[in-house]
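No gaps in the numbering here: position 30 of the sequence shown is 29 in numbering that gives the first Met the number 0, and each next residue is one more.
I have placed the structure first, in the form of structure tokens, so that the comments after it can refer back to it.
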Amino acid sequence: MNRTLKLLADEGVSVWLDDLSRSLLWSGHLARLVRSGTVVGLTTNPTIFHSALSRDSEYGEELQVLSRRGVSALESIRTLTTGDVRGACDVLRSVYQQSGGRDGRVSIEVDPRWAHDTERTIEEARQLWRLIDRPNVMIKIPATIEGLPAITTCLAEGISVNVTLIFSVRRYHQVVDAFLDGLERARSAGRGLAEIGSVASFFVSRIDTEVDRRLDALGTPAAAALRGRAAIANARLAYLRYEGMLRDPRWVELRAAGAAPLRLLWASTGVKDPAYAETRYVTELVAPGTVNTMPAATLDAVMAHAGVLGDRVTGNYDDAWDVVARLGEIGIDLGGVLEQLEREGIAKFQASWRAMIEDVELLLQGVRS
Numbered sequence: 000m001n002r003t004l005k006l007l008a009d010e011g012v013s014v015w016l017d018d019l020s021r022s023l024l025w026s027g028h029l030a031r032l033v034r035s036g037t038v039v040g041l042t043t044n045p046t047i048f049h050s051a052l053s054r055d056s057e058y059g060e061e062l063q064v065l066s067r068r069g070v071s072a073l074e075s076i077r078t079l080t081t082g083d084v085r086g087a088c089d090v091l092r093s094v095y096q097q098s099g100g101r102d103g104r105v106s107i108e109v110d111p112r113w114a115h116d117t118e119r120t121i122e123e124a125r126q127l128w129r130l131i132d133r134p135n136v137m138i139k140i141p142a143t144i145e146g147l148p149a150i151t152t153c154l155a156e157g158i159s160v161n162v163t164l165i166f167s168v169r170r171y172h173q174v175v176d177a178f179l180d181g182l183e184r185a186r187s188a189g190r191g192l193a194e195i196g197s198v199a200s201f202f203v204s205r206i207d208t209e210v211d212r213r214l215d216a217l218g219t220p221a222a223a224a225l226r227g228r229a230a231i232a233n234a235r236l237a238y239l240r241y242e243g244m245l246r247d248p249r250w251v252e253l254r255a256a257g258a259a260p261l262r263l264l265w266a267s268t269g270v271k272d273p274a275y276a277e278t279r280y281v282t283e284l285v286a287p288g289t290v291n292t293m294p295a296a297t298l299d300a301v302m303a304h305a306g307v308l309g310d311r312v313t314g315n316y317d318d319a320w321d322v323v324a325r326l327g328e329i330g331i332d333l334g335g336v337l338e339q340l341e342r343e344g345i346a347k348f349q350a351s352w353r354a355m356i357e358d359v360e361l362l363l364q365g366v367r368s
């Protein structure tokens with residue numbers, strides 16, 4: 000294993016790859032990353048799938064078969080993406096088994112068009128769970144208000160869940176409650192809790208992008224001093240809530256029954272501002288029991304030159320609170336920013352999903368003609 004990745008693992012950080020494509024699978028590159036211990040899990044989203052389907056020639060033969068069968072664009076997407084996730088689950092199955100289900104997970108998102116529809120989200124999650132039929136898959140459900148009861152229901156039914164698009168600590172509080180409710184219902188139904196996996200995907204870099212834009216508009220020395228500090232402070236306060244969950248009597252009972260914790264997963268860790276170090280959302284968020292899912296470029300940068308200085312979260316809560324307070328003092332409504340980012344995050348994934356449907360329809364039509 001790469002020395003830096005070994006240091007992260009020693010600190011309790013699981014490194015997952017935020018990428019999936021047929022070329023990644025068929026070239027054997029994912030298998031090599033897994034064998035070398037470089038990555039121990041994988042996440043996807045609608046934007047990643049849209050990029051892969053638009054770029055990789057490896058989908059051509061299967062698209063021809065689907066076209067001849069008259070399969071719709073939406074069902075073709077379902078067939079192609081679940082096939083890729085199933086293949087990735089098989090590659091990571093050994094990690095899943097060796098880690099006792101902690102890692103070796105592969106996440107796929109429900110149709111983002113139903114982010115504000117509880118029942119459609121639940122049915123979509125059930126369908127993906129059945130179609131992929133692998134114990135190490137996780138179904139990604141957005142942390143909208145309507146998504147919270149879907150999270151509870153899916154966990155209660157034994158479906159492993161990656162709660163995605165979490166931006167605020169307030170929403171994370173609600174996600175924790177939904178998680179505890181779901182596992183308690185699963186326990187009451189007699190389900191084995193050890194097989195139910197879950198992570199909470201807390202988004203990072205997008206927060207700095209928006210807050211920095213507002214700070215730059217203010218143009219004051221006080222604002223300049225806070226550039227690049229909001230996202231990490233916000234994430235550190237989420238981890239403080241995670242620590243609180245571990246002390247919650249409800250969780251203590253569930254843990255005794257074999258449950259695994261709702262680990263925080265740092266998402267959106269690719270740096271958007273070139274003024275910042277490429278690895279800042281990795282090295283500054285090292286904490287026990289976390290996952291960091293990285294795009295390939297960030298992973299390469301971490302392996303090449305990241306400096307891991309140990310736990311950078313639990314000793315910095317006072318600083319995090321100070322950053323949030325100072326943002327408020329100069330007129331930055333962090334709560335409003337986080338609500339905006341949730342709306343935008345859902346809209347971006349919905350746009351990627353619609354664009355993917357349109358592109359696949361054109362590809363299918365091209366084959367049919």
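Here a beta-carbon is modelled for each residue, glycine too, at the ideal position from N, C-alpha and C.
Around Ser-167, the same chain offers Asn-233, Gly-334, Leu-337, Glu-338, Glu-341 as residues with beta carbons nearer than 8 Å, after the five sequence neighbours per side are excluded. The closest CA to that of Leu-264, considering only Ser-197, Gly-243, Gly-314, Gly-257, is found on Ser-197. For Pro-134, the secondary structure class from DSSP, reduced to helix, strand or coil, is coil. The beta carbon of Val-12 sits closer than 7 Å to those of Val-285, Thr-289, Asn-291, all from its chain and outside the five residues before and after it, given in chain order. In the pairwise beta carbon analysis, the stretch 345-360 is classified as touching the stretch 39-55: at least three pairs are separated by under 8 Å.
Per the C-alpha coordinates, the member of Ile-331, Val-301, Ala-324, Ala-346 positioned closest to Lys-5 is Val-301. Boundaries of the alpha helix (DSSP H) around Asp-180: 168-187. Taking 4 residues as the minimum length, the alpha helix (DSSP H) runs contained wholly in the stretch 88-121 are 92-97, in order along the chain. In the DSSP annotation of this structure, the continuous segment of the alpha helix (DSSP H) that includes Val-64 starts and ends at 59-67. When the beta-carbon positions are compared, Ala-199 and Val-251 stay at least 8 Å from each other.
According to the DSSP assignment, Asp-17 belongs to no alpha helix (DSSP H) but to the beta strand (DSSP E) extending over 12-17.
The three-state reading of DSSP puts Ala-266 in strand, counting E and B together. Three or more beta-carbon pairs separated by less than 8 Å link the stretch 80-89 to the stretch 118-138, which places the two stretches in contact. Beta-bridge partners of Val-198 (DSSP): Asn-161, Arg-262. Less than 8 Å divides the Cβ of Arg-228 from the Cβ of Val-322. About 6 Å separates the beta carbon of Trp-15 from that of Leu-41, a gap short enough to meet the 8 Å contact definition.
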